[in-house]
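Counting in numbering that gives the first Met the number 0, the final residue of the sequence shown is number 104, and the numbers go up one at a time with none missing. Just so it is clear, CB atoms sit at the ideal spot from N, CA and C, and this is done for glycine as well.
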Amino acid sequence: MNDESEQDRVEALEGEVAFLKEQMSLLAQYLAIMIGRAQVNDCMLSALILSHPDRESLNRVWRQSSAAVIPNVIVRGPSPWDAEIADTAKQRVEHLNELADPEES
Numbered sequence: 000m001n002d003e004s005e006q007d008r009v010e011a012l013e014g015e016v017a018f019l020k021e022q023m024s025l026l027a028q029y030l031a032i033m034i035g036r037a038q039v040n041d042c043m044l045s046a047l048i049l050s051h052p053d054r055e056s057l058n059r060v061w062r063q064s065s066a067a068v069i070p071n072v073i074v075r076g077p078s079p080w081d082a083e084i085a086d087t088a089k090q091r092v093e094h095l096n097e098l099a100d101p102e103e104s
């Protein structure tokens, strides 16, 4: 009887491991899609900013609208995920600020 219960536990753990492997694979696929989308969006934003006919006006609107959103993205919790998200947001904001500021180009 003890062997059966131990075997049942092993089978249950194997099932859980298989399920977790499947979930991790799906998560990795989703993450790859999101990273790809972010890179495409960055390219398009860069192109739009650099070709905008009134970059001074664009910069003014960007600074005003981003001021309401960016602090909530950059100030996050203590987890490594939050730190990574905040660091990425800071880098993207700095890049967009450099592009949008006509004095910098």
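Would you kindly report the start and end of the unbroken alpha helix (DSSP H) that includes residue i?
| i | result |
| --- | --- |
| R59 | 54 to 73 |
| V14 | Reading off the sequence, residue 14 comes out as Gly, not Val. Segment 1 to 50, the alpha helix (DSSP H) holding G14. |
If you draw a straight line from the C-alpha of residue i to the C-alpha of residue j, how long is it?
| i | j | result |
| --- | --- | --- |
| I73 | A37 | 17 Å |
| S64 | L98 | 16 Å |
| R62 | L26 | 34 Å |
| D100 | E55 | 7 Å |
| M33 | F18 | 23 Å |
| D53 | S24 | 45 Å |
| E87 | A66 | Checking the displayed sequence, the identity of residue 87 turns out to be Thr instead of Glu. Near 17 Å, if we compare the C-alpha coordinates of A66 and T87. |
Consult DSSP for residue i and reduce its assignment to one of helix, strand or coil.
| i | result |
| --- | --- |
| D100 | coil |
| P77 | coil |
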